[in-house]
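A short write-up of the structure that comes next.
There are 4 protein chains.
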Amino acid sequence: MTNRPDGTLSEEKVFKDPVHRYIHIQDELIWQLIGTKEFQRLRRIRQLGTTFMTFHGAEHTRFNHSLGVYEIMRRMIQTLEQKEAWDKDERLVALAAALLHDVGHGPFSHSFENVFDMDHEAWTRKILLGDTEINALLSKMDPRFPEKVAQVIAKEYDNKLLVSLISSQIDADRMDYLLRDAFYTGVSYGHFDMERLLRVIRTDSNQAVFKHSGMHAVEDYIMSRYQMYWQVYFHPVTRSAEVILTKILHRARYLMETGYTFRLNPSHFRTMFEGEATLTDYLKLDESVVMFYFQEWEDERDPILSDLCRRFMHRRLLKYVECTPEKLAEKKGKIAQSFEALGVDPDWYLVHDSSSDLPYDFYRPGTEPASERVPIYLLMPDGSKRELSRESDIVLAISGKKRTDHKFYYPGDVLDEAGNDHPEVIRIRQLLGSLY
Amino acid sequence: MTNRPDGTLSEEKVFKDPVHRYIHIQDELIWQLIGTKEFQRLRRIRQLGTTFMTFHGAEHTRFNHSLGVYEIMRRMIQTLEQKEAWDKDERLVALAAALLHDVGHGPFSHSFENVFDMDHEAWTRKILLGDTEINALLSKMDPRFPEKVAQVIAKEYDNKLLVSLISSQIDADRMDYLLRDAFYTGVSYGHFDMERLLRVIRTDSNQAVFKHSGMHAVEDYIMSRYQMYWQVYFHPVTRSAEVILTKILHRARYLMETGYTFRLNPSHFRTMFEGEATLTDYLKLDESVVMFYFQEWEDERDPILSDLCRRFMHRRLLKYVECTPEKLAEKKGKIAQSFEALGVDPDWYLVHDSSSDLPYDFYRPGTEPASERVPIYLLMPDGSKRELSRESDIVLAISGKKRTDHKFYYPGDVLDEAGNDHPEVIRIRQLLGSLY
Amino acid sequence: MTNRPDGTLSEEKVFKDPVHRYIHIQDELIWQLIGTKEFQRLRRIRQLGTTFMTFHGAEHTRFNHSLGVYEIMRRMIQTLEQKEAWDKDERLVALAAALLHDVGHGPFSHSFENVFDMDHEAWTRKILLGDTEINALLSKMDPRFPEKVAQVIAKEYDNKLLVSLISSQIDADRMDYLLRDAFYTGVSYGHFDMERLLRVIRTDSNQAVFKHSGMHAVEDYIMSRYQMYWQVYFHPVTRSAEVILTKILHRARYLMETGYTFRLNPSHFRTMFEGEATLTDYLKLDESVVMFYFQEWEDERDPILSDLCRRFMHRRLLKYVECTPEKLAEKKGKIAQSFEALGVDPDWYLVHDSSSDLPYDFYRPGTEPASERVPIYLLMPDGSKRELSRESDIVLAISGKKRTDHKFYYPGDVLDEAGNDHPEVIRIRQLLGSLY
Amino acid sequence: MTNRPDGTLSEEKVFKDPVHRYIHIQDELIWQLIGTKEFQRLRRIRQLGTTFMTFHGAEHTRFNHSLGVYEIMRRMIQTLEQKEAWDKDERLVALAAALLHDVGHGPFSHSFENVFDMDHEAWTRKILLGDTEINALLSKMDPRFPEKVAQVIAKEYDNKLLVSLISSQIDADRMDYLLRDAFYTGVSYGHFDMERLLRVIRTDSNQAVFKHSGMHAVEDYIMSRYQMYWQVYFHPVTRSAEVILTKILHRARYLMETGYTFRLNPSHFRTMFEGEATLTDYLKLDESVVMFYFQEWEDERDPILSDLCRRFMHRRLLKYVECTPEKLAEKKGKIAQSFEALGVDPDWYLVHDSSSDLPYDFYRPGTEPASERVPIYLLMPDGSKRELSRESDIVLAISGKKRTDHKFYYPGDVLDEAGNDHPEVIRIRQLLGSLY
């Protein structure tokens, strides 16, 4: 089947997708991008990191999500094209940016970025502009094409409308992940009427806006987002697994730096640990590789590394209690002391972790909101624009209310084994009970 | 929270599941079995092997499915208990068997079993009866408990009703996988009214039967099964990935047997290749490990191994045409010759693959059906039993009709690169066009 | 909001619909047709007649369904327009025909048509061409427009493609009612992948065809249709209510013809009974009117009319047994005799009712299929057409297999009241038990 | 099939329900209550009154909803019974109350109650205690049974737990109607995780409480409720139809009181108008009867009655603008004057209508909440109770915030016909534009 001179496929291709039913591919460029090895690699990186340990359904990958964001973008553009003409090239830039926005993600990004002081956005840029199959395809369109796509993803592109479609408080990325993560985890929150949102999207100078008649769908989206953050993304069990994962990486680096001899030489990690990873190194590092090492490290001589790996692989997670930073600061020393008496090294096993979320934000006088926090605007019947929280009571009620949740993680099994009568256990349980 | 003396949990535990909404755990034994490392390992083995290359949603694991089969079994027993008393122990045997029925599965089982002449059922038995965390828990119930569970799974248990609940033409295993695989792939087939089936299940001497009033739900189940087999399980693209996977394993073994020196020594595979794998070896072999090796082998010197691994990792699959075994036998020699002329080794790149399915079977005079093929019976209003296909026209229409599908796989990209004008390519295309 | 000169609305209007999510109205004509009193009247006529007595959810109306057929037609045309240009007028003819195809339906059409020797298609024609608000709007488009719409609905229009989109073995009408009736009754059959069907529809000379890649969606549609007919449309309880309804109408006519004086003069029925109903008379006769009379007639002196009405209003239906026409013919006399001995008039209370369905039909040599039975064709990858049952085993298995179901209805409550020991009751039960 | 001595059915009966999938009937009493003519009459009374004019899917009846409330109650009790023993009689009282709680509803209750100064709860009581089939069945259980059921429905029963299950801020009634109305209207709001709520329900002295682990399901329920009120129940188009309906009833009464001679004597309304309706009169008055009269009255000589009826039957509704009571009070006189100049009688065509809702309420110091406003309590892990809004930020954000919406209704078509250049039309449009 030969394709058309304008780059569209002679026959549309479809992927069956459980969230959007079908992903429709109409452009040869998109079809070929999906086939690159850098994009196929996303099949080996889970969308939600360690969440699968809490919600066993959450085994879906970034490959999955990236196709979804592309599809939503395609449909947004379809609506907008009915209202005004779109530049054909801008359309492809937008679609490619949607598809590739997460291409720089590595395994368990959240933890890796914490430990290695790197960010996946820099890697995305390298993949788009470096010596990759993706770059070759984009460059064939136009030598400046890779840079354009990179700019959209980095929110630095001139056409701010495009940027807003993919990175704002309500964009293709968030819409897909809320729906998709709700679908795979099986929670009943996270649903909103995307169909409706896609039909009421309009443009205003440099931003996507929503027709007022679709306000309730926007409200529902905001509420879904709120519920998903607290029910799924910040779930304390997921964070427990992440805490362990982070400690494993820290421990492995520490061992390497202190000259420990590994049974299995962590060659895939070495350049990462040393901050000298090349693009080739980085692209090799997927979740299969990480899991392979963790399994091998269960048999390392270092008792902390092997114990942490066993905990991660067999889901023997840390327990947690709610805490306030103040009370924790006050009592952490004592808790550590008691755990040490039980043979637990506090540096590797006791962790304070916090999550916080701002469900929706609007401009407030005197503050400069982050670029991501551009408010959502409604397009009123008279053509004017109004900021969402001025029209919606329910959004107003939660706007700007930052909520933070603090948890203290500790190895509960150690306490169970020592027995409830052990004086240190009694002491620890008392202290843990007084952190909130 | 301490549990009750009878082994039930003081407070039921739930897993959120996207297919059954919730998985309910009421017994301490089940809760602990889920926590064993042998069971947690199922998180690293996909339910549908290479299907994720065709349906990107199909990234779910056997962990996922095993919980589902357990839940269906729990609900079947709940219905049956309302009609007649159940032995408490038999209930736990049934639940444990449901949960553990797939615990012996390894990575990409289908291909591995083909290549290594092993079967996952033997490994299941070893895990249940060997030195494992699972065995320790089961034995604590009663020394004969592990053997009982193993017998149920092997269909050799005395209580044939139990066996039929988990292994018949309509059982907890099939019900879960049809619904689950439909859910994750996103296909619209595969749905049936499980709720209804679970309410109309009854027992007759040694088999589960279904009340006649639920016949249409049974019909729908049979139709779903039929559609899933041909739309999902036997999808030719999935089989293409499997064909490559099988060839990789064969090649690696061949290289090892012929003294090839690997850059990365395949220590995880060695005992498997030699037919001497211990339980420990086997349990280490999950899909992360396999993917790790395949990625490493992309850089092996052996051009066939590295090419096959690249194909698998980057989804550069083989193309296929439909064929009949007769026509293929006639022309395979010529096709092989032409491919060789293009530099392709026919032994490693040309494959005939067939799939076949018998959607539903009943006893036919003079034939002895396999044990799996016990017919489905309806319980009539007058208390008698009737075989399903005697009541259902639609089931009768497809009963006993075995369908086989033959495909011939070949490296289409080689033809594309050689160009459509190349005389060998012309010859090959002609031959491929005449295989059906 | 003024509309555009080309007749499209300046802003699309939407109806929220539980089946298709939204019904999109883009043309002023369609918007105005929905507002006519003849179309609004469809709100007072249930889609499924007496089915609500079996499935309490089935309270939806023809208004509901008509909007759905319109929406499917709109989407079919949208797909087809992407492949080839459509005449703007033909598009509106098609949409209007889809919207109005059922506009001539009266209350409980099935029973009324049986009793009054009329058909709703003739009334549809009168509404389109007579002195109605609908006619006024259609005529404003073009004096020949009403006739064109009428011809499409009557399957006599020149453009056979249009006809096939609305009246074939797989058309907008059937697609909507299967999905809608499944939705409202709550049965789990009846679902198929309409989204997919709408994307693979193509045209071939004068008929809609489906791309081969969508064959499984077509199969699923055929299976759904099969299940819905037997699970819902021909449900014996629904037919029981219909049997009573038919008898009420017959009785009322009989009483009128024999000079009986009604407490409430059946003025709304008189012209219908006499075969002289005008369009005005007909349009007044909705289900509220029928129900009003039936409630009033509960208090009529005629014991048969009042009893039948009470049965209908309070759902005191007739019981049924399965029968063969032969055995029934043989024994009907004796059954009637015994019922008469119990005070039941056989002419008004004993009914033989049959339903039959041909799930899918193809051309067979030597037979001339009815116009509705044009086979479904698949468009093969090579551009040729193949009849569905030649590609689909499952459709072949049920093709051309007509199935008929015979039931014998009788007043079971009379038997219960007489008591199981009453000799006539014993005789009747014996006879009823021998009819199949 | 004979039933068991304890009053349970020998074989459970099921109704297919699109919302709960199946309604399960296990008790003979319930089965027989459903068969009474007073309960069957609920099939002729829509659940949502005039909402079907806004959401065409909302054609479902109170029959439908009543079965749903019963089913939820049945499942609540099922959960509670697992925790503590229930009195068998109390269970039946609760189930009967759930089933019959709306049995006194008449056609378009909201409007009828406004006009006739009656309330459906009094009629419910009369049906339970008067000479009805329902009373006969209940009395057969125990002479005090009817009174008990009536007390539960009237919230005066001793067992406050029972009352709270059916009438509180989160009860079987509300749960069913939110889910059911969302289902039939097709809106995407209104869904919450009932399954979860039913599993975490517990009792505390005299009230249902919810386990803290189910808090998010409760939050979601509160949000659904909020969205449904504003998106569906208070929809201005629905209220427009209700405004007309109310005016029709007022007009008919006015005409009767002033000696007008009707073409069709409104015998069904007479006793209602005169405040002397008997139970028999009331039970005859269903929506078919009302619609019958309205259709007949289209032909009455009184121009206002006939015009209002035409508007209602053909959905020619009044337009509306948002207003504040103050501004409306100021300008209503002028608006009325101008409308009169256009021949519109302000008393019958200009209406101020307001709706208000309190999404969730808790006890506030110094105020006595209405009995319906008992707060929702969470059962904490330590066994204590906490009021919902103290745990849930999102509920706190909307608690106690009463919102009122004022609309002014007027005949927009009269303005359109007079033409936009007409000086009175210009004046009216100006005035209408200044009401908010």
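Chains as they are written, first to last, in my numbering: chain P, 39 to 474; chain X, 39 to 474; chain A, 39 to 474; chain F, 39 to 474. Ideal placement from N, C-alpha and C gives every residue a C-beta, glycine not left out.
Taking 7 Å as the CB threshold, X:E233 lines the interface with chain F.
Rounded to whole angstroms, the gap between the alpha carbons of A:I83 and X:R113 is 42 Å. Pairing P:L416 with P:R424 gives a Cβ-Cβ distance under 7 Å. Apart from sequence neighbours up to five positions away, the residues of its chain that approach X:V275 with a beta-carbon distance below 6 Å are T92, ordered along the chain.
In this structure, F:H103 sits near F:Q85, with a CB-CB distance shorter than 7 Å.
Beta-bridge analysis with DSSP links A:S393 to A:D443. Cβ-Cβ distances below 6 Å link A:S427 to F400, V433, L434, S437 in the same chain, with the five nearest sequence neighbours on each side left out; the list follows chain order. Linking F:D169 to A:H254 through their CA atoms gives a straight-line distance of about 58 Å.
Per DSSP, A:E194 lies in no beta strand (DSSP E) segment and is marked neither H nor E. Taking 8 Å as the upper bound for CB-CB distance, P:M310 and P:F332 are not in contact here, some 15 Å apart. Selection P:I191, P:Y320, P:E97, P:E312 evaluated against P:T223 yields P:E97 as nearest (Cα-Cα).
The segment 454 to 467 of chain X makes contact with the segment 375 to 389 of chain X; the number of CB pairs closer than 8 Å reaches 3 or more. Taking the beta carbon of P:R59 as reference, the chain A residues within 9 Å of it are D231, E233, R234, listed in sequence order.
Of all residues in the segment 209 to 227 of chain F, those with a C-beta nearer than 9 Å to a C-beta of chain P are V225, S226, Y227, reading in chain order.
Beta bridge pairing from DSSP links P:K54 with P:Y60.
Unbroken alpha helix (DSSP H) stretches of 4 residues or longer found wholly inside the segment 138 to 191 of chain A: 147 to 154, 158 to 167, 171 to 179, 183 to 191, given in chain order. Secondary structure of F:L47 (DSSP, three-state): strand. Rounded to whole angstroms, the separation of the alpha carbons of X:R349 and X:I282 is 8 Å. Of all C-beta pairs linking the segment 234 to 241 of chain P to the segment 278 to 296 of chain P, fewer than three are shorter than 8 Å, placing the two stretches out of contact. Below 8 Å, enough C-beta pairs join the segment 189 to 199 of chain X and the segment 156 to 165 of chain X to call them touching: three or more.
Among the residues of chain A, none has a CB under 9 Å from the CB of F:G381; the nearest is roughly 22 Å distant.
Closest by C-alpha distance to X:G371, out of X:S243, X:R129, X:L473, X:S262, is X:L473. Going by DSSP, A:A246 is part of the beta strand (DSSP E) stretching over 245 to 249. DSSP places F:L380 in no alpha helix (DSSP H); its state is neither H nor E. Membership of A:R348 in the alpha helix (DSSP H) is indicated by the continuous run 341 to 351. Cβ-Cβ distances below 7 Å link F:V201 to V190, K193, Y195 in the same chain, with the five nearest sequence neighbours on each side left out; the list follows chain order. Along the segment 257 to 299 of chain X, the alpha helix (DSSP H) occurs as fully enclosed runs of 4 or more residues at 274 to 295, listed in sequence order. Its chain contains T284 as the residues whose beta carbon lies nearer than 8 Å to that of X:N152, once the 5 sequence neighbours on both sides are disregarded; these appear in chain order. Taking CB atoms only, A:K51 has no neighbour in chain F less than 7 Å away.
Contact between the segment 334 to 346 of chain A and the segment 180 to 189 of chain A is not established, with fewer than three Cβ pairs separated by less than 8 Å. CA-to-CA, the gap between P:G313 and X:H139 works out to about 46 Å.
With three or more CB-CB distances shorter than 8 Å, the segment 386 to 400 of chain P counts as touching the segment 439 to 453 of chain P.
Just measuring C-alpha positions, the residue of F:K357, F:Q375, F:E295, F:W268 sitting nearest F:D443 is F:W268. Look at the segment 236 to 261 of chain P: the residues with a C-beta under 8 Å from a C-beta of chain F are H254, A255, E257, D258, M261.
X:I110 is outside the set of residues whose beta carbon lies under 7 Å from a beta carbon in chain A.
Taking all protein chains shown into account, F:R353 has 16 or more neighbouring C-beta atoms within 10 Å of its C-beta and is therefore buried.
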